[in-house]
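Under UniProt numbering, the first residue of the sequence shown is numbered 1, with each subsequent residue one higher. In what follows, a single structure is set out as structure tokens and then discussed.
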Amino acid sequence: MNSTAPPISTTPSTISTPSASSTATAFTTSLPITTALLCPLKEGMTNPQYLDSPQITGAQLGTSPSSLNPGSPGVNFKEPAGMVLIPIAAGISPILTKISIPNQQTNVIQITVTVITSTGDTPVNLVSSQPINTVDSFPITPIPAGSLIMITFVTAGNQPPENVTLSVIGCYEPSTATTIVTTEVTQ
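Structure, rendered in structure tokens:
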């Protein structure tokens, strides 16, 4: 037996044989069936199979949605109330883990992330703490397919947001694995 294995409950039983000097004790152990969620985390902003093209409200003319991608210079807004709507791709129900502004050159000091379902419900409405532009306290439940992720910004001095990039990390293709462990030892 492995000394690092978790404690196992055992049930001893005695097996008698015709020989007067022979007794065997059998131990049968069984660990419970476990099911675990296998969830590789991926960046959604650069994967159009997971997130549709963002809709940017209040940005300067000529702004491309790809300007929001991590590593780009970012989006400059022309009004303080700018926002980004990111549609979740059809047939995808992601488990979100983190949404942030990775560009350190932004003037944004707080973000609000709201998930809006196709029926208008808002199962998620989270606000980052200032001055950290990260929301990472999402529930560990899939976001309904057909939902929108709405991100709004707060800046110092109520100025239009500048140099805004977005990172949307989550599990976009969850699958499950079932493990059954049975051990039988006879002494």
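Just so it is clear, CB atoms sit at the ideal spot from N, CA and C, and this is done for glycine as well.
Three CB pairs or more closer than 8 angstroms across the segment 162-176 and the segment 45-57: Yes, since at least three Cβ pairs between the segment 162-176 and the segment 45-57 fall closer than 8 angstroms, the two stretches touch.
Between the CA atoms of E43 and S9 - distance to the nearest angstrom: Mapped onto the sequence shown, residue 9 falls at position 9. Mapped onto the sequence shown, residue 43 falls at position 43. Residue placement at S9 is flagged as unreliable, the pLDDT there being 42, under the threshold of 50; a coordinate-derived value is accordingly withheld.
Length of the line joining the Cα atoms of P40 and N125: In the sequence shown, residue 40 corresponds to position 40, counting from 1. In the sequence shown, residue 125 corresponds to position 125, counting from 1. C-alpha separation (whole angstroms): 24 angstroms.
Where L148 falls: helix, strand or coil (DSSP): In the sequence shown, the residue the question calls residue 148 occupies position 148. Strand at L148.
Supposed close pair T141, I95 - CB separation, criterion 8 angstroms: Start at 1 with the first residue of the sequence shown, and residue 141 comes out as number 141. Start at 1 with the first residue of the sequence shown, and residue 95 comes out as number 95. Distance from T141 to I95 at the Cβ level is roughly 7 angstroms; contact confirmed, criterion being Cβ atoms closer than 8 angstroms.
Rounded Cβ spacing between N133 and T152 (contact assumed at less than 8 angstroms): Position 133 of the sequence shown, counting from 1, holds the residue named residue 133. Position 152 of the sequence shown, counting from 1, holds the residue named residue 152. Wrong, their Cβ atoms sit about 12 angstroms apart, outside the cutoff.
Residue span of the beta strand (DSSP E) that contains P142, given as start and end: Within the sequence shown, numbered from 1, the residue matching residue 142 stands at position 142. Counting along the chain, no beta strand (DSSP E) covers P142, and no H or E run does either.
Close Cβ partners of V75 (< 7 angstroms) along its chain, the five nearest in sequence each way excluded: As a position in the sequence shown, residue 75 is number 75, starting the count at 1. Once the five neighbours on either side are set aside, the close Cβ partners of V75 are I56, A59, T63, S67, L68 and V164.
Between the CA atoms of L85 and residue 191 - distance to the nearest angstrom: With the chain represented from 1 up to 187, any question about residue 191 goes unanswered, as that position is not in the structure.
Burial state of S129, where buried means 16 or more other Cβ atoms lie within 10 Å: Here the question's residue 129 lines up with position 129 in the sequence shown. Residue burial annotation: S129 is exposed, with fewer than 16 other C-beta atoms found within 10 angstroms of its C-beta.
Same chain, Cβ closer than 7 angstroms to V127, five either side skipped, listed in chain order: On the sequence shown, residue 127 is found 127 positions in, with the first residue counted as 1. The answer, listed in chain order, is Q110 and T112.
E173 beta carbon near the ligand ATP (any heavy atom closer than 7 angstroms): Absence of the ligand ATP from the depicted structure is noted, as is the absence of any ligand whatsoever, leaving it without description.
Assigned secondary structure, A156 (DSSP; H/G/I helix, E/B strand, else coil): Position 156 of the sequence shown, counted from the first residue, corresponds to residue 156. In the structure shown, the three-state DSSP call for A156 is helix.
Alpha-carbon spacing of Q104 relative to S72, whole angstroms: Residue 104 sits at position 104 when you count from the first residue of the sequence shown. Residue 72 sits at position 72 when you count from the first residue of the sequence shown. Approximately 12 angstroms, taken between the alpha carbons.
Secondary structure of S100, DSSP reduced to three states: The residue you call residue 100 lines up with position 100 of the sequence shown. Of the three classes helix, strand and coil, the one that applies to S100 here is strand, per DSSP.
Exposed unless 16 or more other CB atoms sit within 10 angstroms - verdict on S147: Taking the first residue of the sequence shown as 1, we reach residue 147 at position 147. S147 comes out buried.
Reduced DSSP secondary structure (H/G/I, E/B, other) of S72: To locate residue 72, count along the sequence shown from 1; it is residue 72. If DSSP states are grouped into helix, strand and coil, S72 belongs with coil.
G91 burial status per 10 Å Cβ neighbour count (16 or more: buried): The sequence position of residue 91 within the sequence shown is 91, counting from 1. With fewer than 16 other Cβ atoms from the protein chains shown falling within 10 Å of its own Cβ, G91 counts as exposed.
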